[in-house]
Structure formats: C-alpha cells, structure tokens
Amino acid sequence: MKLRLCGLALAAALALALSGCATRPTTLYQWGGYDELLYQSYKSPERTESLRVGLETLLTRLELQKQQAPPGLYAELGTLYLEQGDHQKAVHYYGIERSHWPESKTLMDALIKTLERRAKTVNPEEAAK
Amino acid sequence: MRRTALVVAMALALAGCATPPPRAAKDMSALVTASPRSILVVPAVNRSLDVDAPNVLLSALAIPLAEKGYYVFPIHTTQVVLQQEGFYEGEQIHREATANLAALFGADAVLYVTIARWDAQYLLINTTVTVEFNYRLVGKDGTELWTNQQRLQYSPQQTNTGNALANLVAAAITAAMTRAAPNYLPLTRQANVQAIMLGPDALPDGPYRRPPK
C-alpha cells in the first residue's frame, strides 16, 4: 500500500516535472532516508546501527555513481564510528568531509586534532609508528 | 527511504507552478549582505509538552537547508560536540552568544528554531494535529538575517485540497498519523520544506543552489 502510494506519487511528480511546469532542478542530493534514520536513532538508541549502515551504504553508492554526497553525511558517519570507539575510521571520514566541503574545515580540523592528540596520550607507541 | 526525496521533489514540482504571492516580500538585505555559506543547526527550544518534538524537528531540518544550497553542519555530530562543551538543552544553547557558537564550529550563521505548538487532539471521530515553528537565522556577528514562522494543521477530514499532488502529500501524512503511534516526521518535514524552501518568506538560495556564473 505504502509502496504503491510512493510509486504513484513519484510518477505524478515526474510527469509534472517533465511537463515543463517545474523550472529549476529538483533536488541537489540523494539522502538515503537520512532524516528518518536519524530520528529513529534518537527515539531508540539501538537503531543507531541502522543509521550507520544506511549512511555507509548511501555514501558507497554515491562514490560508485560519482555523485556529490550531501553535506555533513561523511562527518556523521565518522561520529558514529567515534561513538563505537573506532577513532581511525572517525578521522578517515572527517578527512573526507573536509575535502568535499571547505565550510567544514574548522570543525573537522578540530575534531581530527583532538582525536590524534588523544591517540598519542592513550597509546604513545602506536602514535610513534 | 525514498520518501524524503519524493516529498522534496513533489514540493519543488508544485513550486514551479505556483504564482508568486501578491504581497511584498520580506526584507532580505541583511542576509544578502552576509551571504552565509554554512548554517549550524542547534537543538530547538520546546514550548510544547511533547518531549519527542525537538528530535523530530532536528532530524527534519538538514535536508531542506542543504537542498536550498547551504552547507549544513552534521546534525548528530553537532549535538555530540555541543554536549562535550557542556551544552545539552535548547534553552541553554539559545541563550549563548551566537558568536561563540559560530566560532566553535566555524559557521557563518546559526539557525534557532522554537517549537511553539505541537499537539494532537484525538476526539471520537475527528483528529487535529497542529505544529507551529519559529525560525531565526543569526549571522556569526550576531545580526539577525532571516526569520520565518510556520504553522501547519492537519486533519484527515480536510485533506482534499483540490490538487492531486498536494492530496498525495496529505495522504502520506495521514498514513503516518495513526492514533496508536503517530509519526510526526512527515508533517514536520512538510512544515520545514514550506518555511525554508517554498513559502513566500522562504530562505533565499544558498551558494550551492545558485546557477553557475
């Protein structure tokens, strides 16, 4: 039922867009249900894993399609890894966010610096390698 | 999953047909002068009794702002950083100087939203759900750049708008508003899209939406 409604609506939206009524590009990005997943993770924290999987799947697909990822999503994925204790992956995704979006530089620099400093104090040998 | 894109697409398609409102548009000169590229969305102030409302609202703000062409700071990451700095509640964050928040993130502007109303009246036959949000965008120097107010009322008995596409949006909202577990996300999404992207006082296009020169 839900699917049918969705398909019907999409068809209607497409028809309207094609009819020349819409004069500007429709959407800039694919979001992969980010708002719904984010809300579900707030409502029930055990669904945070679904948010991480959803974001990772979307970002991998966009990379394959060579499409620009929406602002903020690489950083969100980094933070979800950070919360799981995976600092390396967090730094990795923060770095991608920064390279895609110059506006994020101040925040990403600060986050990456904090994590690298923390890595040094927690595990000085690892950091020295 | 596709529903978000769909709602935005439909809303945009509808906007293409809409005739401009007759009244004079709001003064956007402060916004044009500041021309922010990035927007920090901070947790909302909740004046309703629904404890879930701020999370629904927060989840539904990034997409319309980014689709309008702005860099939007990641919602969850922002919350984590704010909490590490000792900011938990919307009230407390809204009292903090904008310059401090903007500097912490390197943001050009901060969006403050207040939830003025958020209630469902479940009567025997009829149900009316009302949400009302106040939006305020402030530049990093503290100048107010843009404000808007959006009130959206939904009642399943009044969903025939005379427009097939708008009826479909309404049907999606109806499907989500079950008495046992109402899902406010579609309604909130629609309110934000209306306030930020489509309404007469919508936010002007950001740098990623402007046509290349």
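For the protein sequence lines, the chains are P and A, in the order given. In terms of this note's numbering, the numbers along the first sequence are unbroken and rise by one, the last being 111. In terms of this note's numbering, the numbers along the second sequence are unbroken and rise by one, the last being 272. Note that the Cβ used here is the ideal one computed from N, Cα and C, for glycine as well. It should be emphasised that the depicted structure is a prediction, and the values quoted were computed from it without experimental measurement.
When the cut-off is 8 Å and only beta carbons count, does P:T88 lie next to chain A?
Taking the first sequence and counting its residues from 1, one reaches residue 88 of chain P at position 106. Closer than 8 Å: yes.
Cβ of A:A162 within 8 Å of Cβ of P:G54?
The sequence position of residue 162 of chain A within the second sequence is 103, counting from 1. The sequence position of residue 54 of chain P within the first sequence is 72, counting from 1. Result no, Cβ atoms of A:A162 and P:G54 do not sit closer than 8 Å.
Grab me the residues of A:F146's own chain with a C-beta within less than 6 Å of its C-beta, minus the 5 sequence neighbours each way, in chain order.
Taking the second sequence and counting its residues from 1, the one referred to as residue 146 of chain A is at position 87. In chain order, I152 place their CB closer than 6 Å to the CB of A:F146, counting only its own chain and leaving out the 5 sequence neighbours on each side.
From P:L20 to A:T247, what does the alpha carbon distance come to, in whole angstroms?
Here residue 20 of chain P refers to the residue found at position 38 of the first sequence. Here residue 247 of chain A refers to the residue found at position 188 of the second sequence. Straight-line measurement puts the Cα of A:T247 at about 14 Å from the Cα of P:L20.
Given P:E65 as reference, the closest of P:P27, P:T9 and P:L46 once Cα atoms are compared:
For the purposes of this step, residue 65 of chain P is taken as residue 83 along the first sequence, with counting starting at 1. Comparing alpha-carbon positions, the option among P:P27, P:T9 and P:L46 lying closest to P:E65 turns out to be P:P27.
Since A:D167 and A:P95 are thought to touch, with beta carbons under 8 Å apart, how far apart are those beta carbons, to the nearest angstrom?
Sequence index remark: in the second sequence, residue 167 of chain A carries index 108 (1-based). Sequence index remark: in the second sequence, residue 95 of chain A carries index 36 (1-based). In this structure, A:D167 and A:P95 form a Cβ contact; the two beta carbons are roughly 4 Å apart against a cut-off of 8 Å.
N-terminal and C-terminal residue of the alpha helix (DSSP H) that P:E79 is part of
Looking up residue 79 of chain P in the first sequence gives position 97. Start and end: H69 to H82.
Burial state of A:A231 (16 or more Cβ within 10 Å)
Start at 1 with the first residue of the second sequence, and residue 231 of chain A comes out as number 172. Only buried fits A:A231, as 16 or more other CB atoms lie within 10 angstroms of its CB.
Thinking C-alpha only, which one of A:Q253, A:L244 and A:D200 is nearest P:G15?
Position 33 of the first sequence holds residue 15 of chain P. That would be A:L244, whose Cα lies nearest to the Cα of P:G15.
Cβ separation of P:A51 and P:L41, assumed to be a contact under 8 Å, to the nearest whole Å:
Here residue 51 of chain P is taken as the residue at index 69 of the first sequence, counted from 1. Here residue 41 of chain P is taken as the residue at index 59 of the first sequence, counted from 1. Confirmed, about 6 Å.
Just by C-beta distance, which residues in the segment 35 to 53 of chain P are closer than 7 Å to chain A?
Residues passing the 7 Å Cβ filter: P52 and P53.
Hey, could you find the ends of the beta strand (DSSP E) P:R29 is sitting in?
Locating residue 29 of chain P in the first sequence gives position 47, counting from the first residue. Under the DSSP assignment, P:R29 falls outside any beta strand (DSSP E); it carries neither an H nor an E label.
One or two residues paired with A:R210 in a DSSP bridge
For this step, residue 210 of chain A is matched to residue 151 along the second sequence. Answer is A:E191.
In chain P, what lies closer than 7 Å to A:V131 by C-beta?
For this step, residue 131 of chain A is matched to residue 72 along the second sequence. The contacting residues are P53 and G54.
Should P:D17 go down as buried or exposed, given a rule of 16 or more other Cβ atoms within 10 Å for buried?
Working through the first sequence from its first residue, we reach residue 17 of chain P at position 35. Buried.
Starting from the Cα of A:E150, find the closest Cα among A:L141, A:T92, A:V104 and A:P123 and give me that residue.
On the second sequence, position 91 is the one that residue 150 of chain A refers to. If we check each option's Cα against that of A:E150, A:V104 comes out closest.
If the cut-off is 8 Å on Cβ atoms, which residues from the segment 241 to 268 of chain A count as contacting chain P, listed in chain order?
Taken in chain order, the members of the segment 241 to 268 of chain A whose beta-carbon sits within less than 8 Å of a beta-carbon on chain P are L244, R248, Y267 and R268.
Alpha helix (DSSP H) containing P:R100: first to last residue?
Taking the first sequence and counting its residues from 1, one reaches residue 100 of chain P at position 118. Unbroken alpha helix (DSSP H) run through P:R100: K87 to V104.
Which word fits P:A57, buried or exposed, when buried means at least 16 other C-beta atoms lie within 10 angstroms of its C-beta?
For the purposes of this step, residue 57 of chain P is identified with residue 75 of the first sequence, where counting begins at 1. Classification for P:A57: buried.
Quick one: what's A:W177 bridged to in DSSP?
Taking the second sequence and counting its residues from 1, one reaches residue 177 of chain A at position 118. Beta-bridge pairing by DSSP links A:W177 to A:V190.
Neighbour list for P:L20 in chain A, Cβ cutoff strictly below 7 Å
One-based indexing of the first sequence puts residue 20 of chain P at position 38. Chain A residues near P:L20: S118, I134 and H135.
Within chain A, partners of P:E58 - CB distance below 8 Å
In the first sequence, the residue the question calls residue 58 of chain P occupies position 76. Listed by position along chain A, the residues whose Cβ is nearer than 8 Å to that of P:E58 are P133, I134, H135 and T136.
What residues in its chain sit with their C-beta under 8 Å from that of P:C3, if we drop five residues either side in the sequence?
Counting from 1 along the first sequence, the entry for residue 3 of chain P is found at position 21. At P:C3 the pLDDT is 46, less than 50, meaning the model places this residue with poor confidence; the figure from the coordinates comes in the next sentence. The beta carbon of P:C3 is closer than 8 Å to none in its chain, skipping five residues each way along the sequence.
Using three-state DSSP, classify P:C3 as helix, strand or coil.
Counting from one through the first sequence, the residue named residue 3 of chain P turns up at place 21. The predicted position of P:C3 is uncertain, since its pLDDT is 46 and thus under 50; no value can be drawn from it.
Can you name the residues of chain A whose CB is closer than 8 Å to the CB of P:D17?
Indexing the first sequence from 1 puts residue 17 of chain P at position 35. Those are T63, S118, A119, A121, I122, L244 and R248, listed as they occur along chain A.
Only counting the same chain, and skipping five residues up and downstream in sequence, which positions put a Cβ closer than 7 Å to that of P:W13?
Along the first sequence, one-based indexing puts residue 13 of chain P at 31. Taking P:W13 as the centre and dropping the five residues before and after it, the same chain places the C-beta of P52 closer than 7 Å to its C-beta, in chain order.
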